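Inspection log for the structure reproduced underneath, given as structure tokens.
Following this line, the structure appears as structure tokens:
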């Protein structure tokens, strides 16, 4: 019976107007966020005037749409919606309160989709956006005809009433239209002793006018603009706003002042409101701040601080930084040093690393800024660009005398630009190639040689296969099956979620993609357990899913672009030794130790209660939406099996793994799994960055930088531990590896993942070779610490995981505890396996 219900709901979702254009994989992922709600007969789903917080789909039964009469007396059923119909989308799109009450006609089931997920769906699925526009347009056309007919008659009726009134009474009624509502306190603040008489006039007008209070208010406001000069209106708005502010009627004051052309007084009133006792409600204040431009915001320190917090929460940290900087300068100019000090402290607290983490490189170009707001370079970004410019000039001068010194200076300039978040990574990489050629460090052929290697083609093919597999739905199906087939207890389910992320790693080499798949699975399992939000057991599920999707990526050569980057930067003999299979088998004991140690530590730290899983309806519905295995999925399974088998056999066949990967990508294209859309979805920015990094590897080798680093350490390659007179901490192999782990973890507080790998491998690989440590072990240590999540914004994949759980499974305090436990276990595991590394000849 349950399977029949799941199939019927799956068919309903597939036929529904909003979702009809979505592919089954996207629809199955969305299903994880649908909450089923059972309604009794006559039960109200939401009421007219409520805040729009969700979209609803009628799954079974029928819902009546009820609208209150304009005079508040009685209700009218204006429509009835059956299975497959949508409710509540108007309020989500317009941001206005619910326009009607919705109640169940009989026993009814609806599916709820929260506001955040609905808005994400609109941005991610063009077909859904088109459907929403189509539905809204049809409804607006219907309602507009009715409104137009009503408006003509209502305006004529109101004009007839107003024209018979004395001029003073008519003008007073028109002036009341600038208020959000004519409360007794607002009328008294604006009109003083005349307030009572004006209130009586309003009551008489409402009794004589049959158009409803909202329409009456709009019509009065329109008539005010027609009957009175604009200058007179502006003066009245200024006086009325000041009087309302004196009475601490802040929202009414802001409503009035927002109607002025310049809105300059609005910022001043908001500053007073936020400093009042009690202060103005911040949510209401933010709604008015959004109507100011940046120049108006910076004139009031409290307004600037609240606006900066708003931008920071939206991920626009660069905008927040610039706004606070301008506000601090304005405060100094206004003779307010205390406010300037507070604003500078707010600048230091921005982001997650002392105000230095700005908006991501990929996001800066596509995040829409509010009208009137311009992106302002932070002092940190300007300093980084200045350092880069100085290094480029110095490198250009010195490279003729010492190419190695020029290479290092150009590399430092690239690091500064990468870390400044001003330009995308690939653009900086291409500029680096240009300065190599222009300075004479390398001819053009050698500067772009990284793009002509089989290593680069291997990465291109792997990322292409990942996109093809993800679009086929195969990975999502595998994750659902793994969780469904696991025992219905917390520990097995948590381990299944972790294992799901690990199993997906070689097939989907993008931690963000894996996190996007496993986070909804973890949420669905937590809902099935009926865990409360952020209770220990729910945190266990969410964190296990994340750890399997992100931090354990080091188990596979192709589990992440940064894994491929580290592999590509290793010396040739190490790349040849550590093919796909050798990498996996060598890293497996370390991965098992870290995973088991982390799992045990989380259960010990969180002490979750253990219960049986009562139902798996949500997972079954997702499987029903996915439907039976398609022919394309079967073909994709065959391509993957042959590709992985080819990687297994490369040591014996002497065929490069890149050749196998390229052939696998061709096969995926041949079966239609890799198409034009898949090609567009590939991470071409990283591929360009990776090609430049490979050229950098080759160029650093030809310039002899490895020998130079070894010379700085007082060692020669292969000298081993304790020789050459170098400090003990640098030449003792296991202490050296421990230092790599610690430095790798700390570096991620300052550098992004690929930057940390690029910089630290160039430093540690030559040192490792010099003291007899395998560069692969250095790469493993760096990759094991490359996905920290001590802070929310530290790792993009972790942000995806956290957002994917809607913040319901764990909070940042719980996540930070898990992150520090993982870091300690990683360090302990790599030291514990010292004999294993020696046995393999890695140290």
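Numbering (this note's numbering), first residue to last: 7 to 849. Here a beta-carbon is modelled for each residue, glycine too, at the ideal position from N, C-alpha and C. Keep in mind that this is a model prediction, so the values were computed, not measured.
Local conformation of residue i per DSSP, three classes
| i | result |
| --- | --- |
| residue 287 | coil |
| residue 671 | helix |
| residue 51 | strand |
| residue 495 | strand |
| residue 779 | coil |
| residue 254 | coil |
| residue 564 | coil |
| residue 613 | coil |
| residue 341 | coil |
| residue 554 | helix |
| residue 187 | coil |
| residue 468 | helix |
| residue 303 | helix |
| residue 406 | coil |
| residue 171 | coil |
| residue 761 | helix |
| residue 125 | helix |
| residue 292 | helix |
| residue 677 | coil |
| residue 660 | coil |
Alpha carbon of residue i to alpha carbon of residue j, nearest angstrom
| i | j | result |
| --- | --- | --- |
| residue 829 | residue 750 | 10 Å |
| residue 648 | residue 471 | 13 Å |
| residue 111 | residue 48 | 6 Å |
| residue 854 | residue 759 | In the structure as shown, the chain begins at 7 and stops at 849. Residue 854 is therefore absent and cannot be evaluated. |
| residue 199 | residue 805 | 57 Å |
| residue 251 | residue 338 | 26 Å |
| residue 301 | residue 273 | 10 Å |
| residue 65 | residue 606 | 42 Å |
| residue 83 | residue 73 | 6 Å |
| residue 591 | residue 598 | 11 Å |
| residue 493 | residue 320 | 40 Å |
| residue 821 | residue 775 | 36 Å |
| residue 257 | residue 290 | 7 Å |
| residue 678 | residue 438 | 37 Å |
| residue 253 | residue 262 | 14 Å |
| residue 323 | residue 352 | 12 Å |
| residue 525 | residue 814 | 11 Å |
| residue 710 | residue 843 | 28 Å |
| residue 469 | residue 663 | 14 Å |
| residue 314 | residue 184 | 30 Å |
| residue 62 | residue 104 | 13 Å |
| residue 640 | residue 426 | 46 Å |
| residue 608 | residue 539 | 17 Å |
| residue 114 | residue 88 | 10 Å |
Neighbour-count burial assignment, residue i, 16 or more Cβ in a 10 Å radius
| i | result |
| --- | --- |
| residue 651 | exposed |
| residue 553 | buried |
| residue 296 | exposed |
| residue 406 | exposed |
| residue 582 | exposed |
| residue 637 | exposed |
| residue 169 | exposed |
| residue 440 | exposed |
| residue 341 | exposed |
| residue 461 | buried |
| residue 389 | exposed |
| residue 69 | buried |
Counterpart residues of residue i in DSSP-defined beta bridges
| i | result |
| --- | --- |
| residue 69 | 87 and 110 |
| residue 62 | 93 and 118 |
| residue 42 | 117 |
| residue 645 | Answer is none; residue 645 lacks a bridge partner. |
Distance between beta carbons of residue j and residue i, contact taken as under 8 Å
| i | j | result |
| --- | --- | --- |
| residue 520 | residue 802 | Between residue 802 and residue 520 the Cβ distance is about 12 Å, and since that is not below 8 Å, they are no contact. |
| residue 436 | residue 694 | 7 Å |
| residue 835 | residue 596 | 6 Å |
| residue 560 | residue 782 | About 11 Å; that fails the 8 Å criterion. |
| residue 333 | residue 349 | 5 Å |
| residue 397 | residue 415 | 5 Å |
Cutoff 9 Å: residue i Cβ touching any chain C Cβ
| i | result |
| --- | --- |
| residue 317 | Absent from the structure: chain C. Only one protein chain is present. |
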